[in-house]
Amino acid sequence: MSFTLAIVGRPNVGKSTLFNRLVGKRLALVDDTPGVTRDLREGAARLGDLRFTVIDTAGLEEATDDSLQGRMRRLTERAVDMADICLFMIDARTGVTPTDQVFADILRKRSAHVILAANKAEGAAADAGVIEAYALGLGEPIRMSAEHNEGLNDLYAQLMPLSDAFEAQADSDTPETDVDLDEDGEDLSDAPPVPTRAKPLQVAVVGRPNAGKSTLINKILGEDRLLTGPEAGITRDAISLTTDWAGPDGVAVPMRIFDTAGMRRKAKVQEKLEKLSVSDGLRAVKFAEVVVVLLDAAIPFEQQDLRIADLAEREGRAVVVAVNKWDIEEHKQEKLRELRESFERLLPQLRGAPLVTVSAKTGRGLDRLHTAVMRAYEVWNRRVPTAALNRWLTGMLEQHPPPAPQGKRIKLRYMTQAKTRPPGFVVMCSHPDKMPASYSRYLVNGLRADFDMPGTPIRLHLRSQNAANPYKGRKKAGPSKLRKHSEGRRRT
Numbered sequence: 001m002s003f004t005l006a007i008v009g010r011p012n013v014g015k016s017t018l019f020n021r022l023v024g025k026r027l028a029l030v031d032d033t034p035g036v037t038r039d040l041r042e043g044a045a046r047l048g049d050l051r052f053t054v055i056d057t058a059g060l061e062e063a064t065d066d067s068l069q070g071r072m073r074r075l076t077e078r079a080v081d082m083a084d085i086c087l088f089m090i091d092a093r094t095g096v097t098p099t100d101q102v103f104a105d106i107l108r109k110r111s112a113h114v115i116l117a118a119n120k121a122e123g124a125a126a127d128a129g130v131i132e133a134y135a136l137g138l139g140e141p142i143r144m145s146a147e148h149n150e151g152l153n154d155l156y157a158q159l160m161p162l163s164d165a166f167e168a169q170a171d172s173d174t175p176e177t178d179v180d181l182d183e184d185g186e187d188l189s190d191a192p193p194v195p196t197r198a199k200p201l202q203v204a205v206v207g208r209p210n211a212g213k214s215t216l217i218n219k220i221l222g223e224d225r226l227l228t229g230p231e232a233g234i235t236r237d238a239i240s241l242t243t244d245w246a247g248p249d250g251v252a253v254p255m256r257i258f259d260t261a262g263m264r265r266k267a268k269v270q271e272k273l274e275k276l277s278v279s280d281g282l283r284a285v286k287f288a289e290v291v292v293v294l295l296d297a298a299i300p301f302e303q304q305d306l307r308i309a310d311l312a313e314r315e316g317r318a319v320v321v322a323v324n325k326w327d328i329e330e331h332k333q334e335k336l337r338e339l340r341e342s343f344e345r346l347l348p349q350l351r352g353a354p355l356v357t358v359s360a361k362t363g364r365g366l367d368r369l370h371t372a373v374m375r376a377y378e379v380w381n382r383r384v385p386t387a388a389l390n391r392w393l394t395g396m397l398e399q400h401p402p403p404a405p406q407g408k409r410i411k412l413r414y415m416t417q418a419k420t421r422p423p424g425f426v427v428m429c430s431h432p433d434k435m436p437a438s439y440s441r442y443l444v445n446g447l448r449a450d451f452d453m454p455g456t457p458i459r460l461h462l463r464s465q466n467a468a469n470p471y472k473g474r475k476k477a478g479p480s481k482l483r484k485h486s487e488g489r490r491r492t
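So for the sequence shown, full-length UniProt numbering puts the first residue at 1; every next one is plus one.
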């Protein structure tokens, strides 16, 4: 990526629409309601032959206190300081407002490169607003319509020389290094490249509103990257952040952590915007490899917590249950016993999954959470040899043979592991449709206990080994037909 572009402006001027257009995906939530975006969202943008990083920001507000709008403004100002170029957007149909003038003065002082764009400029109704934009003193505005894909060629024309300048500066700043030589003096530049680091581990943090998800991720990152506060439901988008999270052994593991919106009960979700936020969070669960279900220590294992954990299990994700706000809990040992008992009773499908107590505010317990995430991921990828599986199956059958529904004995012949992530097993047997669910659970629980796979979802499929009879269902030939058939053969 050659440079970073931050899109800033008042609420509801079309910043997220342009962000989605540049990244080529519908990553950011878009709605007519002002102030949808609250956190900073980064994406890999593509415009012609330009490749750069684009940042979608919250709408600039004239609040400077510790209110939600004030915290959103400080986060946006931080994006301005991080970015190489700022794209300042105004609404061409509304025209230049006093708020636009205030923020134009701020950008002129804080950013070396500011590009002015008049969005929603399709049609003659926006002509007056485009002309007013000249008064901001930021040069000629780009007439743009992010929704209708207009004006991107003009944006490319302004970004191209800046991109060339950044690339030239990067080349000049790169220190010169000597050519590596081996002992015989031969050039090693054609040697095979050093392998790059592994693909980041995908981790989604989910839970009810105000459980402390954003605060926890900020503590893992070591910086206030996500918007937090006492208000419930601050996070709306599912924001993904890449970091190297070091565990207790000091080894840093590359991870992509998804912060999701709080999920309330479906009956309470009435607004369209909240429905979009929840669906965005559910999509993050589907793409994750490990799901951290974050509970509030004061009110753990409510009905919605159980639904969220069950959703992660049904999606086949490795699950870690973390109990937050442990620093304000007084009777820790007694509370921990209650939590473990409730976990075993209310979530039997996740029996043995890690249960970790953390404090997102102080950072205590993060090492245990890191260990639990890596452990769950390792179990999620576990593969069992076929020979060991069949020896185990023989023992399970001797200990508790399958039932004989309607007098038909079900014979389990052999089994194998068909997949991982999550572990999936196939058992070849007779009459798989007559196998009761209780016996399948007996086998799954045995796999968990005997092959050390606690907590991870296990898929067990029963298949019939008998080949289909091609003559099944055909009418049997009578004696007269058989006689005619034999006479015809004799004539030939």
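Where a beta carbon is used, it is the ideal one built from N, C-alpha and C, also for glycine.
Identified DSSP bridge partners for G247:
In the DSSP secondary-structure assignment, G247 is not bridged to any residue.
Got a sec? Which residues, its chain only, sit under 7 angstroms from G43 by beta carbon, not counting five neighbours each side?
Leaving aside the five residues that flank G43 on each side, the residues in its chain whose CB is nearer than 7 angstroms to its CB run, in chain order, F19, V23, L27, V54.
Could I get the ranges of all uninterrupted alpha helix (DSSP H) runs contained in the region 76–113, with 4 residues as the minimum, in chain order?
If we require 4 residues or more, the alpha helix (DSSP H) runs fully inside the region 76–113 come out as 98–110.
Please confirm whether V373 and G365 have their CB atoms less than 8 angstroms apart.
Taking a C-beta distance under 8 angstroms as the contact criterion, V373 and G365 do not qualify as a contact pair.
Exposed or buried, what is A298 when buried is set at 16 or more other beta-carbons lying within 10 Å of its beta-carbon?
Exposed: under 16 other Cβ atoms inside 10 Å.
What residue does the beta strand (DSSP E) around residue 494 start on, and which one ends it?
Because the chain in this structure spans residues 1 to 492, residue 494 falls outside the shown range and cannot be described.
Rounded separation between D167 and I115 - CA only
For the sequence presented, residue 167 should be read as Glu rather than Asp. Going by the C-alpha atoms only, they are around 19 angstroms apart.
Anyone know if the C-beta pair for T260 and V205 falls short of 8 angstroms?
Yes, Cβ-Cβ distance for T260 and V205 is below 8 angstroms.
At which residues does the alpha helix (DSSP H) containing M396 begin and terminate?
Per DSSP, M396 is one residue of the alpha helix (DSSP H) stretching across 386–399.
Residue of E147, A288, L350 minimising C-alpha distance to A309:
Checking every option, the nearest Cα to that of A309 belongs to L350.
Does DSSP put R71 in a helix, a strand or coil?
The DSSP-derived three-state label of R71 is helix.
CA nearest to the CA of I257, picked from G129, K199, P436
Measuring from the Cα of I257, the nearest candidate turns out to be K199.
Comparing C-alpha positions only, which one of T94, S67, M89, G59 sits nearest to E77?
Minimum Cα distance to E77 is reached at G59.
Using the Cβ count rule (16 or more neighbours within 10 Å means buried), how would you classify T386?
Exposed is the call here.
DSSP bridge partner residues for T53 (one or two, in chain order):
DSSP, once it has assigned bridges, lists T4, A44 as partnering T53.
I need the boundaries of the beta strand (DSSP E) containing T456, first residue and last residue.
Unbroken run through T456: none, as it is neither H nor E.
If you count every other CB in all the chains shown that lies within 10 Å of the CB of S67, and 16 or more means buried, which is it?
Exposed is the call here.
The alpha helix (DSSP H) that contains M374, what's its start and end?
Per DSSP, M374 belongs to the alpha helix (DSSP H) from 366–380.
Out of curiosity, what's the CA-to-CA distance linking L5 and A92?
Their backbone Cα atoms lie some 21 angstroms apart in a straight line.
Can you list, in chain order, the residues of its chain whose CB lies under 8 angstroms from that of L152, leaving out five sequence neighbours each side?
Once the five neighbours on either side are set aside, the close Cβ partners of L152 are R21, L47, M144.
Spatial neighbours of P248 within its chain, please: CB distance less than 6 angstroms, with the 5 preceding and 5 following residues excluded, ordered by chain position.
Hits under 6 angstroms: D367.
So, helix, strand or coil for L188, using DSSP?
For L188, the predicted structure reports a pLDDT of 39, less than 50, and the residue's modelled location is therefore unreliable. A value from the coordinates is still provided. For L188, the secondary structure class from DSSP, reduced to helix, strand or coil, is coil.
Between G14 and the rest of its own chain, which residues show a CB-CB distance below 8 angstroms, the 5 nearest in sequence each way excluded?
Within the same chain, G14 has close Cβ partners M89, D91, N119, K120, A146, E147.
Span of the beta strand (DSSP E) around F425
It spans 424–429 - the beta strand (DSSP E) in which F425 sits, taken as one unbroken run.
CB A360 to CB D296, shorter than 8 angstroms?
Their beta carbons are not under 8 angstroms apart, which means A360 does not touch D296 by this criterion.
Indicate the three-state DSSP secondary structure (helix, strand or coil) for A309 in the structure shown.
Three-state result, A309: helix.
State the DSSP-derived secondary structure class of E334, mapped to helix, strand or coil.
Reduced to three states, the DSSP call for E334 is helix.
Can you tell me where the alpha helix (DSSP H) holding N20 begins and where it ends?
In this chain, the alpha helix (DSSP H) harbouring N20 covers 15–23.
Return the CA-CA distance between Y414 and A246, expressed in angstroms with no decimal places.
Distance between the alpha carbons of Y414 and A246 is about 42 angstroms.
Got a sec, what are the start and stop residues for the alpha helix (DSSP H) T215 sits in?
Per DSSP, the unbroken alpha helix (DSSP H) holding T215 starts and ends at 213–221.
Applying the 10 Å Cβ sphere with the 16-neighbour rule, what's the burial state of I217?
With 16 or more other Cβ atoms within 10 Å, it is buried.
Buried or exposed for L397, please, with buried defined as at least 16 other CB atoms from any protein chain shown within 10 angstroms of its CB.
Per the 10 Å Cβ criterion, exposed.
What does DSSP give as the partner residue(s) for Q202 in the beta ladder?
Answer by DSSP bridge pairing, in chain order: R256.
What are the boundary residues of the alpha helix (DSSP H) that includes V358?
From DSSP, V358 is part of no alpha helix (DSSP H); its letter is neither H nor E.
Please state the DSSP three-state secondary structure of D224.
Reduced to three states, the DSSP call for D224 is coil.
8 angstroms Cβ shell around Q158 - same chain, five flanking residues per side excluded:
Here the set comprises I115, I142.
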